[in-house]
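The next block holds one structure in the form of structure tokens; read it before the comments.
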Amino acid sequence: MCRGSPRFGYNGGMITWSRFWESDVPRDTHEGLAELFAHAYPRSAAKFTGARSWSNARPERRIVGVLDGRPVAHLGVLRRFLRTGDGGSVLVGDVGLLAVHPDLHRQGIGGQLLHRAAAQLAELEVPFGFLTCGNHVVPVYRSAGWHRLDGQVTRMIDSRGETVVYGEASMVIPVGAGLSDWPHGQSVDRDGWEL
Numbered sequence: 171m172c173r174g175s176p177r178f179g180y181n182g183g184m185i186t187w188s189r190f191w192e193s194d195v196p197r198d199t200h201e202g203l204a205e206l207f208a209h210a211y212p213r214s215a216a217k218f219t220g221a222r223s224w225s226n227a228r229p230e231r232r233i234v235g236v237l238d239g240r241p242v243a244h245l246g247v248l249r250r251f252l253r254t255g256d257g258g259s260v261l262v263g264d265v266g267l268l269a270v271h272p273d274l275h276r277q278g279i280g281g282q283l284l285h286r287a288a289a290q291l292a293e294l295e296v297p298f299g300f301l302t303c304g305n306h307v308v309p310v311y312r313s314a315g316w317h318r319l320d321g322q323v324t325r326m327i328d329s330r331g332e333t334v335v336y337g338e339a340s341m342v343i344p345v346g347a348g349l350s351d352w353p354h355g356q357s358v359d360r361d362g363w364e365l
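Just add 170 to the spot in the sequence shown (first one is 1) and you have the numbering used here.
Take a look at the structure:
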């Protein structure tokens, strides 16, 4: 169950943004992120205990927003190849664990985070960013330049280790390539756990 929710007085206050390679994340930051994720993902709160600040796969890079000494926003990126339905593959920055503390929703922090994500993807020199998300948040990503992959199936490995077809939205953002360069086959396979 989700722990008691700390209240933040954001009101445009100063969020400090940091980027970390995964092996450089301090233990206390992992602990703060675990608490953030327990609030942001209440159905999965049991996964985020102690210093466990990942759900399935661990990110390679993290963007963390801190307010009043506590992580309040986060996004992880993992470079990987997606297998395409035509037998090829495409390198992506797989984005996940995007979270803003629920007390701070609708204050523009998610937009700030997505702006930083685009810069991070460019720094990692990937042709595309890729993510899966619930249908209800597609407009948030669209407003930040992401494109829904309508008609393209995403297969992935779920938390039980089984291959499943993802039932909601898959999205891509062009970074080092044009959107027309995205493989437009019938499927992509994320041959590994999502973040």
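Beta carbons: idealized from backbone N, C-alpha and C, even for Gly.
Candidates the options, of which the one nearest residue i by Cα
i	options	result
R330	S225, M184, E201, G202	S225
T254	S350, V323, K217, A288	V323
Y336	T302, G202, E293	T302
L242	Q282, Q290, V260	Inspection of the sequence shows that residue 242 is occupied by Val rather than by Leu. It is Q282 whose Cα lies nearest to the Cα of V242.
V296	P212, I343, G315	I343
F156	G278, D273, V345	There is simply no residue 156 to check, as the chain begins at 171 and stops at 365 in what is shown.
G167	Q277, D198, R250, T333	The structure shown does not extend to residue 167, since the chain spans only 171 to 365, so no value can be given for it.
8 Å Cβ shell around residue i - same chain, five flanking residues per side excluded
i	result
T186	G235, V236, L237
Sequence-distant residues of its chain with Cβ nearer than 7 Å to residue i (five each side left out)
i	result
M171	Only weak support exists for where M171 lies, its pLDDT of 33 falling under 50; the coordinates are left without a value.
Q290	R189, R231, I233, V247
Enclosing alpha helix (DSSP H) for residue i [first to last residue]
i	result
T199	197–210
L245	That residue, L245, is in no alpha helix (DSSP H); its beta strand (DSSP E) goes 240–254.
V310	308–312
Beta-carbon proximity list for residue i, same chain, < 6 Å, skipping 5 on both sides
i	result
W363	N226, A227, I327
A204	F218, R222, S223
F190	R232
S340	T302, L319, T324
With 16 other Cβ atoms within 10 Å as the buried cut-off, status of residue i
i	result
P196	exposed
A347	exposed
L284	buried
G280	buried
P176	With a pLDDT of 48 at P176, under the threshold of 50, the modelled position of this residue cannot be trusted; read the value that follows with caution. It counts as exposed.
Check whether residue i and residue j have beta carbons under 7 Å apart
i	j	result
E338	G304	yes
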